[in-house]
Amino acid sequence: MTLLKHIGLQWVCRLLLLLVAVSGIKVRAQELVSYPFEESTLAAQQGSKPGIAKRLNSNPLLEDYDVKFYALDVEVDNHSDQIGGSTTILVEVRKNAFSTLVFELHHALVVERVVVDGTEMSFTHTDDELYINLSTDRDSGTLVTAQVYYSGQSGDGMVMETDDEWGAVVTYTSSEPFYSKDWFPCKQDLTDKADSVHVFITTDYGLIAVSNGIHNATTYFPNGKVRYEWKSNYPIDYYLISIAVADYYEYNLEMQPDGMNTPIFIQNFVYDIPNCLDTYREQINVTIPIMEAFIEHFGPYPFREEKYGHYLWPRGGGMEHQTMTGMGNFEFYLVAHELGHSWFGNYVTCATWQDIWINEGFATFAGYLATEILAPEYADGEREYRFGRALLEPEGTVYVPEEDAHNASRIFSGNLAYNKGMALLYMIRFELQDDAVFYLTLRNFIDRYANGVATGLDFKEVLEETSGMDFTDFFIQWYFGAGYPIYEVTWDQQGSTVTLQSTQTTSSTQTLLFKMSMEYSIFYAGGDTTIRVWHDENVESYEFDFPFVVTGIEIDPNNHVLDGVSEEMKSSLAMENDPLFSIAPNPNHGSFFFSLREENGDETGSQVEVEVLDLTGKTLFRSIYMGCVPFMEYAVELEESVSGIYLVRFHHKNRLEVQKILVK
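Residue numbers for the sequence shown follow this note's numbering, beginning at 20 and rising by one.
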């Protein structure tokens, strides 16, 4: 994309004239640079004010304009978390008689002066808000350029910290969700992406400053300072703008996608410390096959005209700053998760913080997908881990409720936004039963909302259009609803007829039923087979013909569904791995004894039905034993038998157990 496509020729000409008018103003020991600016049936479930969490600040004056461009020109080092310089913001007015321009800016930062369209303006800075009083009202559609000169102590969004592992000192920003205002004046509204951004960082000679987009130039000054100039011409949300300053070493890669003439530049900054690059080199190099996998499944890398990048920082985990990700390490899953954000979180951003699923659930799925493709031997374990963590939240919803819309710890709940969010996408894939349709859905979603924002319901709409299926119940239950299903299953076999009864309860009273598909594995002496059924009632009964003697049934054998299994149900389905009964001797000559294990017995005695069958299903013995108590042995004698394997079927209370015996 060219710059003129972002801001238009008239904007460039106007801003050039403005900057000529204000050039020569010095705000620090050296002059800081001036430069040209090259809904759905479920809507009610999102609250009475859809999008309430698109921003923290509810000041209605923030709705009166759209941000078009940010230009940061700041001085930062790695000795403190002080910042100084200017931010230039180009906005388009959205109402007539526009008289007051409001930005968000941390109260500890001192505003020195404000210039609007070349004229110095009066301002008020209070309670993290900067009010600029315009000398003349502006009409809707008017472009306004404000330059804010400021300095001082940054808030929590920018910190200086030492990396405990390497000893490197780094000053870096981390603005998600509401902390951009801690280090530059801005409008913190997810739905108002800037069309482009420039970030110029002046620091001490010997340090490197990194940011979004392309490193356009480096300027050295005689006073021992150096300025790094970064420019990005892609739309960007406020919290994805970032800087980091440290003693870095640059290590770069290129990735050549099929069908593209120009390779994708992958720019990496590790600490300029012995063995640091050697420690991470191989892990960084894996970025290339991960990106290849994502391009195949999600579509072209969104920021291919600029770069993808990493830089080390002292924080654990990572942060997907657009085109330049902060990384605590380069472990495979972290690299994949953060790269996945390029499509989900950066290119398409959640429209509200309540819809954080669009960012974190999708990126967590991307990390799983990379494992499935590039390290398949770990995929099942990765999925089981994510599902298991999600099960720790029996009352949690993926959609962030209105009362928690500004609670960062709830928004970024690891078990809900990330792990349960990943599980939702995996279960959608399971319901579709067609990977081609699933990944086409993701690509269609990306194409529709590229460079913009989207909600969970926006994804539902694309999903239904692409698949031709109705996912209303799914989103009511899994996205807005709380918890997960819990299954209890019993089964019986009479001749070739198998009867399976499934009872579903749930972990939360908020969601009383999960309507969805379920698989059951049916085990028999010669192997196993899997059947798929549909659950749309709390109690379901299924009957089917099966030509073999069933030795066991397993629910959700491939862990496709986020579900709980009651202890009672585990007992009723467990076979040789956790037997109720013991048989001795085995092998035998057609007669044996069985006994109940102590923990499964009843001191007053209980009823046990015993049946012995051959592998064709023919019954050779059947008897009911009354008053069975633990450890007491009860005899079984076959009148007619030949050498071979037989099945012993025990019916005890709500459990059916099958064991094998060998008759010599």
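For every residue, glycine included, the Cβ atom is placed at its ideal position computed from N, Cα and C.
C-alpha distance - residue i paired with residue j, whole-angstrom precision
{"i": "HIS329", "j": "VAL229", "result": "10 Å"}
{"i": "THR181", "j": "GLY347", "result": "12 Å"}
{"i": "ILE375", "j": "THR306", "result": "25 Å"}
{"i": "VAL86", "j": "ARG157", "result": "15 Å"}
{"i": "GLY652", "j": "PHE613", "result": "First, the amino acid is wrong: residue 652 is Glu here, not Gly. Each residue's alpha carbon lies about 6 Å from the other."}
{"i": "ASN280", "j": "GLU324", "result": "11 Å"}
{"i": "GLU630", "j": "SER540", "result": "22 Å"}
{"i": "GLY66", "j": "GLY359", "result": "Per-residue confidence for GLY66 stands at a pLDDT of 37, beneath the threshold of 50, marking its modelled position as unreliable; no derived number is given."}
{"i": "ARG402", "j": "ILE447", "result": "14 Å"}
{"i": "TYR224", "j": "VAL178", "result": "20 Å"}
{"i": "THR164", "j": "THR119", "result": "13 Å"}
{"i": "LEU331", "j": "GLY345", "result": "6 Å"}
{"i": "VAL133", "j": "ILE262", "result": "23 Å"}
{"i": "VAL568", "j": "SER515", "result": "8 Å"}
{"i": "PHE490", "j": "LEU581", "result": "17 Å"}
{"i": "LYS637", "j": "TYR665", "result": "10 Å"}
{"i": "GLY663", "j": "LEU615", "result": "25 Å"}
{"i": "GLY627", "j": "PRO598", "result": "Note that residue 627 is Val in the sequence shown, not Gly. Looking at the two C-alpha atoms, the distance is approximately 14 Å."}
{"i": "LEU162", "j": "LEU259", "result": "24 Å"}
{"i": "VAL46", "j": "ASP96", "result": "Low per-residue confidence applies at VAL46: pLDDT is 30, beneath 50, and the placement is therefore not dependable, though the value from the model is reported in the following sentence. Cα to Cα, the separation comes out at about 17 Å."}
{"i": "PHE313", "j": "ALA385", "result": "8 Å"}
{"i": "ILE505", "j": "GLN513", "result": "27 Å"}
{"i": "ARG354", "j": "ALA370", "result": "Looking at the sequence itself, residue 354 is Val, so the reference to Arg does not match. Whole-angstrom Cα-Cα distance: 25 Å."}
{"i": "ASN659", "j": "PHE533", "result": "In the sequence on display, residue 659 carries Glu and not Asn. Taking the straight line joining both Cα atoms gives about 49 Å."}
{"i": "THR238", "j": "TRP249", "result": "12 Å"}
{"i": "ASP201", "j": "HIS125", "result": "5 Å"}
{"i": "PHE13", "j": "ASN365", "result": "Nothing can be reported for residue 13: it is not among the residues displayed for the chain, which extend from 20 to 683."}
{"i": "GLY232", "j": "TYR198", "result": "21 Å"}
{"i": "LEU528", "j": "ILE392", "result": "Checking the sequence, you will find Thr at residue 528 rather than Leu. Spanning the two alpha carbons is a distance of roughly 38 Å."}
{"i": "GLU301", "j": "ASP633", "result": "57 Å"}
Residue i - containing beta strand (DSSP E), residue span
{"i": "LEU120", "result": "117-123"}
{"i": "HIS217", "result": "215-223"}
{"i": "GLY663", "result": "663-671"}
{"i": "ALA165", "result": "162-172"}
{"i": "GLU379", "result": "Counting along the chain, GLU379 falls outside any beta strand (DSSP E), though it belongs to the alpha helix (DSSP H) covering 379-393."}
{"i": "HIS98", "result": "Premise fails: HIS98 is in no beta strand (DSSP E) and is neither H nor E."}
{"i": "VAL627", "result": "625-632"}
{"i": "LEU272", "result": "267-274"}
{"i": "GLY345", "result": "344-346"}
{"i": "ALA654", "result": "653-656"}
{"i": "HIS340", "result": "First-last for HIS340: undefined, no H or E at that position."}
Element boundaries [alpha helix (DSSP H), containing residue i]
{"i": "THR368", "result": "Where THR368 is concerned, there is no enclosing alpha helix (DSSP H), although the beta strand (DSSP E) it sits in stretches over 367-369."}
{"i": "SER521", "result": "Element bounds for SER521: not the alpha helix (DSSP H) but the beta strand (DSSP E), 516-525."}
{"i": "LEU81", "result": "No alpha helix (DSSP H) contains LEU81, which DSSP labels as neither H nor E."}
{"i": "ASP297", "result": "295-304"}
Three-state class that DSSP yields for residue i in the structure shown
{"i": "GLN235", "result": "It should be noted that the sequence gives Asn, not Gln, for residue 235. Strand."}
{"i": "VAL354", "result": "helix"}
{"i": "LYS683", "result": "coil"}
{"i": "GLY318", "result": "coil"}
{"i": "LEU410", "result": "coil"}
{"i": "SER105", "result": "strand"}
{"i": "PRO282", "result": "coil"}
{"i": "VAL677", "result": "strand"}
{"i": "ARG641", "result": "strand"}
{"i": "SER154", "result": "strand"}
{"i": "TRP202", "result": "coil"}
{"i": "ALA127", "result": "coil"}
{"i": "LEU91", "result": "strand"}
{"i": "GLU324", "result": "coil"}
{"i": "ARG246", "result": "strand"}
{"i": "ILE262", "result": "strand"}
{"i": "THR60", "result": "Note that THR60 scores a pLDDT of 31, beneath 50, so its modelled location is shaky and nothing firm can be said."}
{"i": "ILE375", "result": "helix"}
{"i": "GLU396", "result": "helix"}
{"i": "TYR330", "result": "strand"}
Near the ligand ZN: residue i beta-carbon under 7 Å from a heavy atom
{"i": "PRO576", "result": "Looking at this structure, you won't find the ligand ZN or any other ligand, since it has none at all."}
Minimum Cβ-Cβ distance from residue i to chain B less than 8 Å
{"i": "ASP547", "result": "In summary, chain B is missing from the structure at hand, where a single protein chain is found."}
For the stretch 413-487, which segments carrying the beta strand (DSSP E) assignment without a break, of at least 3 residues, lie completely within its bounds, in sequence order? 471-473
At least three beta-carbon pairs within less than 8 Å, the stretch 203-219 to the stretch 90-103: yes
Any 3 or more C-beta pairs closer than 8 Å across the stretch 473-492 and the stretch 375-389: yes
Touching by the beta-carbon criterion (3+ pairs, under 8 Å), the stretch 244-259 and the stretch 273-288: Taking a contact to require three or more Cβ pairs closer than 8 Å, the stretch 244-259 and the stretch 273-288 do not qualify as touching.
Do the stretch 289-302 and the stretch 258-273 meet, that is, are 3 or more Cβ pairs less than 8 Å apart? yes
Can you list the beta strand (DSSP E) stretches of 3 or more residues lying completely in the stretch 490-575, in chain order? 504-513, 516-525, 535-543, 546-554, 558-564, 569-574
Between the stretch 411-425 and the stretch 461-471, are three or more C-beta pairs nearer than 8 Å? no
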